[in-house]
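Student: I have a structure I would like to understand better, so I am pasting it below and will then ask my questions one at a time.
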Amino acid sequence: MKAFVMKEIGSVGFADKPVPKPGPNDAVVRTTRALICTSDSHTVAGGIGPRQDLTLGHEAVGVVADVGSQVRDFHPGDRVLVGAITPDWGDRAAQAGHASQSGAPLGGWKFSNSKDGVFAEFFHVNDADANMAKIPDTVADEVAVYCADMLSTGFMGAEHGNIPIGGTVAVLAQGPVGLMCTAGARLRGAGLIIGVESVASRQKLARAYGADEIVDFTKEDVVERVLELTGGEGVDTAIEALGADATFQTAVKITKPGGTVSNTGYFGEGEFVRIPRVEWGVGMADKTIATGLCPGGRLRMERLLRVLAAGRLDPTLMTSHTFAFDEMEQAFEIADKKLDGAVKVLITF
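Going letter by letter, the sequence shown gives residues 977 to 1325 in the numbering used here.
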């Protein structure tokens, strides 16, 4: 089969690989749609260390091609969604309620990390009964694929943010994850949602997904403006959706005492992330810092698909480009370098 791989740090291209075979509890899926993620760019840049001929990608849907002898709930021909995070559900961390960390910190993240990813004609799924979900007939593949990571991660940012109904929320950065944090905050009942973003097209998307106010950090001081919008109090919840030290510090500064900083950002550079001491109440302002890795698993995917089937959200507003799998090198360059106003790049197989 054809696969799109990270040849080494800084280098990508196509490679021929054997079609994977399922173990007793596993499945093999024929890919129909996939999305390129900024995390793929981080990986190619060396964010998780050297990899050789590793198939990239972790956001995909497809049709079951083969299943292992112990798989009960899925059969060849089923249309399925597979989460970007595929935990080992028998692991102690999963049993303790932290499935994404199964086996090690971030251990549930297998695709394009510890095993080949989904940018291939077929991909392997571990623990298939627990990590796949059937796609409803009313939800198209190009819609369902957003559940694999963008909805799951973005909604996690809102869920971990402990947003009270009618509460105030600031989402720092309106990339695809930030946009879904904004949508998640609206679904959670926030009364005021502030999107922090400088790119006009993403500002427009942020408003479409629920932002009431936009703060452009290139034109005004974010901390001053957020405090102004919240009567000097700060927000109940600040969601960091970029993965930058300066943005994280801003999130701490704009969160009111007793509030929550919810982090979804991927911090791929530097040895440390700093916390501003005074605004943290010298460590005693009751500001909670919540972190998490994209939740995976069948139940999570089924719930997200239900949101789409009910028409409560249209993630395809983020699809800025569509390419065939044969055009993957061009597609990856556009996504990697954010060319031509790229937000999310969809790949068809």
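Even for Gly, the Cβ is constructed at its ideal location relative to N, Cα and C.
Rounded to whole angstroms, what is the Cα-Cα separation between glutamate 1247 and threonine 1226?
Tutor: If you take the alpha carbons of glutamate 1247 and threonine 1226, they lie about 19 angstroms apart.
Student: Quick one: grab the DSSP three-state call for leucine 1203.
Tutor: If DSSP states are grouped into helix, strand and coil, leucine 1203 belongs with the helices.
Student: Which of the three DSSP states is assigned to valine 1011 in this structure?
Tutor: The sequence as given places leucine at residue 1011; valine does not occur at that position. Three-state DSSP puts leucine 1011 in a strand.
Student: With burial defined as no fewer than 16 other Cβ atoms inside 10 Å of the residue's Cβ, what is the status of glycine 1208: buried or exposed?
Tutor: Counting Cβ neighbours within 10 Å, glycine 1208 comes out exposed, since fewer than 16 surround it.
Student: Please classify lysine 983: does DSSP put it in a helix, a strand, or coil?
Tutor: Strand, per DSSP.
Student: Under the three-state reduction of DSSP, which class applies to threonine 1292: helix, strand or coil?
Tutor: Of the three classes helix, strand and coil, the one that applies to threonine 1292 here is helix, per DSSP.
Student: Which same chain residues, not among the five before or five after glutamine 1046, have their C-beta less than 6 angstroms away from its C-beta?
Tutor: Counting only Cβ-Cβ distances below 6 angstroms, and skipping sequence neighbours, we find Pro1000, Asn1001.
Student: Can you list, in chain order, the residues of its chain with a C-beta nearer than 8 angstroms to that of glycine 1167? Leave out the 5 residues immediately preceding and following it.
Tutor: Closer than 8 angstroms at the Cβ level, and outside the excluded window around glycine 1167, lie Ile1141, Gly1142, Gly1143, Thr1144.
Student: So, alanine 1124 versus valine 1058, is the Cβ gap smaller than 9 angstroms?
Tutor: Their beta carbons are under 9 angstroms apart, which means alanine 1124 touches valine 1058 by this criterion.
Student: By alpha-carbon positions, which one of Asp992, Val1283, Arg1162 ends up nearest to aspartate 1029?
Tutor: For aspartate 1029, the nearest C-alpha among the options comes from Asp992.
Student: Between Ile1230, Ala1217, Thr1292, which lies nearest to threonine 1267 when the distance is taken from Cα to Cα?
Tutor: That would be Ala1217, whose Cα lies nearest to the Cα of threonine 1267.
Student: Nearest to valine 1228 by CA position, among Lys1263, Glu1200, Gln1077, is which residue?
Tutor: Nearest C-alpha to valine 1228: Lys1263.
Student: Going by alpha carbons, who is nearest to isoleucine 1323 out of Ala1003, Gly1130, Pro998, Leu1011?
Tutor: Comparing Cα-Cα distances from isoleucine 1323 to each of Ala1003, Gly1130, Pro998, Leu1011, the minimum goes to Leu1011.
Student: What are the boundary residues of the alpha helix (DSSP H) that includes asparagine 1107?
Tutor: Residues 1104–1107.
Student: What's the C-alpha gap between threonine 1223 and arginine 1068?
Tutor: Looking at the two C-alpha atoms, the distance is approximately 34 angstroms.
Student: Just confirm the distance between the C-beta atoms of serine 1088 and glycine 1033, as a whole number of angstroms; I'd bet it's less than 8 angstroms.
Tutor: Right, the Cβ-Cβ distance comes to about 6 angstroms (below 8 angstroms), so this counts as a contact.
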